[in-house]
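According to the numbering used here, the sequence shown is numbered sequentially starting from 5.
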Amino acid sequence: MRVAIVTGASSGIGQSAAIQLAKRGSGVILTYGNNHSGALETVESIEKVGGTAVALPLDVGRSETFPAFRASVVAALGDTWHRDTFDSLVNNAGFARMAMFEDTSEELFDGFMRVLLKGPFFLTQTLLPLLADGGAIVNTSSNSALPSGLEPGYSAYASMKGGLDVLTRYMAKEFSSRGIRVNSVAPGSTRTRLADNAFERFPEVIPLLAAKTALGRVGEPDDIGMVIATLLSEEGRWITAQNIEVAGGYNL
Ligand SMILES: NC(=O)c1ccc[n+]([C@@H]2O[C@H](COP(=O)([O-])OP(=O)(O)OC[C@H]3O[C@@H](n4cnc5c(N)ncnc54)[C@H](OP(=O)(O)O)[C@@H]3O)[C@@H](O)[C@H]2O)c1
């Protein structure tokens, strides 16, 4: 059985990607930060569609914990799937906070850097020996790093996502010798728990964002999760080093 690892799958885009991968026949190792009950909810949804999932805690901002995480992955692969490798990795965990350039503290900048850029870099490095030849990776970027998604208040966040877009291409180049494909998705505004559940706290922004979106609504987690699962599947086998905007035509 194929096995995928999805980081940040206790809610939102990662939760959807984990369920969509399970629906396509993949076992899933999913990670969570603080939201253990959300992770259990994801496991339950996967089991409901006949899949198998294991939830593991992981702080993507603390690279010193990655070797211990790899040991947990090895144990889960052996115990649950009788395998010593996995097939797909989704570097999805992340957080956002709006801050104008003048108000961005070094602490916030460093937090974005650790979670959004350094985390995916070194987590992938740590897990790469376990990723099977012919496997695939999707990094969750953001349309804030593209001209079409540029809005004030995201200079530090989007700079890290832009770095992730470049990293995606370098990973694709270097891992191609093992047949491993690497792509990123660039979601637009998507109704998740991002930014301390901003969509629930400020529902008045939803119609404003919908009005700027050609397809006339904000994104839902499955809009992105289905693309991630497709890129990782057989259907995506000739796609590598791409950053796919998944934003319903934001600012089109
Ligand atoms: N929603 C949007 O509009 C949008 C647009 C563009 C890009 N994105 C990107 O999409 C990705 C997923 O976000 P989302 O929108 O689905 O938001 P979400 O519902 O808040 O989910 C974020 C996930 O990341 C996890 N996470 C956050 N910080 C972490 C850390 N330091 N270590 C480990 N896990 C961590 C969270 O875990 P816990 O809650 O368990 O702590 C949660 O599972 C992020 O990379 C985000 O930047 C989102």
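Just so it is clear, CB atoms sit at the ideal spot from N, CA and C, and this is done for glycine as well.
Best match in the options for proximity to residue i [C-alpha to C-alpha]
i    : options                   : result
E320 : A13, I17, F70 and L112    : No answer is possible for residue 320: the residues shown for the chain start at 5 and end at 256.
A100 : A176, T108, Y161 and R6   : Y161
T130 : A202, S15 and F70         : F70
P151 : D83, G82, Y254 and M5     : Y254
M102 : P207, A202, K216 and A251 : A202
T234 : G252, S109, S20 and E155  : S20
G98  : L154, G115, D91 and T84   : G115
I50  : L34, A72, L236 and L127   : L34
D107 : G229, S163, S159 and L127 : S159
A251 : W242, G183 and A149       : A149
M175 : A215, S109, L25 and F126  : F126
M104 : P156, L132, A72 and T84   : P156
DSSP-derived helix/strand/coil call for residue i
i    : result
Y254 : strand
L219 : coil
P207 : coil
G82  : helix
G37  : coil
P191 : strand
CB-CB length for residue i against residue j, believed under 8 Å
i    : j    : result
S67  : G18  : Contact doesn't hold; Cβ gap of about 19 Å is too wide.
V94  : V10  : 4 Å
N143 : T172 : 5 Å
G192 : G223 : 6 Å
V53  : K27  : 5 Å
S92  : S30  : 7 Å
L168 : L121 : 6 Å
beta-carbon residue i near ligand 1 non-hydrogen atom, thresh 8 Å
i    : result
I23  : no
K216 : no
K27  : no
F73  : no
R197 : yes
T144 : yes
F99  : yes
N39  : yes
L120 : yes
I141 : no
D63  : yes
G42  : yes
Y36  : yes
Exercise for review: Output the residue ranges of the alpha helix (DSSP H) runs that lie fully inside the segment 43–94 and measure 4 residues or longer, sorted by chain position.
Suggested key: Within the segment 43–94, the runs of alpha helix (DSSP H) at least 4 residues long that lie entirely inside it are, in chain order, 70–80.
Check your understanding: Where in the segment 87–153 do unbroken runs of the alpha helix (DSSP H), each at least 4 residues long, occur, reported from the N-terminal end onward?
Key -> 110–116 and 123–131
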